[in-house]
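Numbering (full-length UniProt numbering), first residue to last: 1 to 308. All C-beta atoms in this analysis are idealised placements derived from N, C-alpha and C, irrespective of residue type, glycine included. Keep in mind that this is a model prediction, so the values were computed, not measured. Inspection log for the structure reproduced underneath, given as structure tokens.
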Amino acid sequence: MYSAREREINALLQLLDDTDTEVLVSVEEKLLSYGQSVIPNLETYWEQSPDDALQERIELIIHRIHYSNLAQEFTNWANGESDLLYGAFLVAKYQYPELQSVQTIQEIERMRRNIWLEMNSYLTPLEQIKIVESILYNFYKMKGGELVYTQPNDYMIHKVVESKKGNSITNGILYLILAEQLDLPVRAINIPRQFVLGWFSHQVLFENDFELTHPADTIKFYIDPNSGIGFQLKDIELYFKRIGVTSTASYFKPRSNRQIIQLLLEQFANCFDNEAEGYKRKELLALAAIAAQADAAAQQRSDVEEED
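Now the structure itself:
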């Protein structure tokens with residue numbers, strides 16, 4: 001015996017092949033109002049339907065339900081503690097809504113432990129990043145490359161950890177997660193057109209004091225997240241000269257986790273530049289805007305606290 005809810009859902013499903021646009025819009029909105037609980041009904045109806053157009057319509061409704069839930073999760077993340085790993089998982093859930101994080105977290109923990117076993121308190125910062133480079137890029141064979149928009153998996157943290165292949169942003173995110181777990185003072189910085197990491201002075205990070213003439217003075221060296229190799233300020237200056245950019249203090253300040261995930265979303269959105277998937281680009285950019293707004297609000301709160 002079907003409940004009143006089940007009977008209503010079944011009646012709505014029968015109307016999904018209606019040719020009246022107004023009816024379809026009304027039906028889809030009603031199905032969306034049920035949230036995730038209606039997805040099993042939609043999936044069953046999809047399996048029973050021989051009509052490709054109807055199946056596509058059902059897939060889009062399921063996607064809209066997942067996106068609505070993801071947008072709420074992402075808003076909560078952006079306005080909360082904004083843990084970097086969790087933010088990266090939320091980006092991956094856009095393509096993999098049923099994603100479970102346990103396996104990825106366990107693999108990251110194995111990486112952390114292997115690095116930690118080689119560390120000791122007598123090592124210099126350069127010796128420490130050599131250990132990270134050795135374990136992550138030589139032992140685990142982590143690989144990275146340029147940002148390309150034909151490889152969506154390169155933008156998803158679970159796929160990067162699984163395949164040991166990403167790009168400068170996702171490899172950098174993995175490096176930053178490990179650095180935080182190992183208490184290494186590594187942060188992403190704002191170098192134009194690049195995702196670069198900096199090894200900061202512990203004291204400056206602890207005091208959150210970047211109001212210096214040039215924040216580059218607080219960075220001991222820089223790290224390429226595609227290779228783990230360290231380099232110096234002079235290399236950054238040569239890069240600026242090559243691209244015709246004048247060095248400014250803002251380029252050397254740490255990016256917040258929200259800014260990092262915002263960048264990841266904006267670049268990931270470029271994977272969907274064709275007409276058929278244009279809605280995905282818009283949705284990802286909408287999530288990026290949520291991160292940007294939350295970051296601006298957090299900065300404003302911080303400025304007010306400093307004034308008080």
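Below 8 Å, too few C-beta pairs join the stretch 257–271 and the stretch 47–56 to call them touching: fewer than three. Shown here for Ala216: same chain residues with a beta carbon closer than 7 Å to its own, the five before and five after excluded, namely Leu233, Phe252 in chain order. Spanning the alpha carbons of Leu85 and Thr19 requires a straight line of approximately 45 Å. In the three-state scheme derived from DSSP, where H, G and I count as helix and E and B as strand, Pro97 is classed as coil. In this structure, DSSP gives Phe74 a helical state, which the three-state scheme calls helix.
The beta carbon of Gly80 sits closer than 8 Å to none of the beta carbons in its chain outside the five residues before and after it. For Gly198, the secondary structure class from DSSP, reduced to helix, strand or coil, is strand. Here the stretch 176–185 lies against the stretch 110–117, with 3 or more beta-carbon pairs under 8 Å apart. Pro254 sits buried, since 16 or more C-beta atoms from the chains shown fall within 10 Å of its C-beta.
The residues Leu176, Leu197, Gly198, Phe200, Leu205, Pro254, Arg255, in chain order, have a CB closer than 8 Å to that of Arg187 in the same chain once the five nearest residues on each side in sequence are set aside.
For Ala188, the uninterrupted beta strand (DSSP E) segment begins and ends at 186–189. In the three-state scheme derived from DSSP, where H, G and I count as helix and E and B as strand, Pro254 is classed as strand.
In the three-state scheme derived from DSSP, where H, G and I count as helix and E and B as strand, Phe231 is classed as strand.
A direct Cα-Cα distance of roughly 15 Å separates Ile189 from Asp235. Secondary structure note for Ile129: its alpha helix (DSSP H) is the uninterrupted segment 125–133.
In the DSSP assignment, Lys220 falls within the unbroken beta strand (DSSP E) covering 219–223. Across the structure, Glu146 and Val23 are spaced so that their CA atoms are roughly 46 Å apart. In the three-state DSSP reduction, Lys159 falls in the helix class (H, G or I). Using a 10 angstroms sphere on the CB of Gln262, the tally of other CB atoms reaches 16 or more, which defines it as buried. According to DSSP, Lys282 shares a beta bridge with no other residue. In its chain, beyond the 5 residues on either side, Tyr86, Gly87, Leu90 have a beta carbon closer than 7 Å to the beta carbon of Trp77.
Burial check for Val38: the Cβ neighbour count within 10 Å reaches 16 or more, so the residue is buried.
In the three-state reduction of the DSSP assignment, Lys141 falls in the coil class, being assigned neither a helical nor a strand state.
The beta carbons of Leu123 and Phe221 sit about 14 Å from each other, so the pair does not count as a contact at 8 Å. Distance between Gly278 and Phe272, taken at the CA atoms: about 6 Å. A direct Cα-to-Cα measurement between Tyr155 and Tyr149 gives close to 9 Å.
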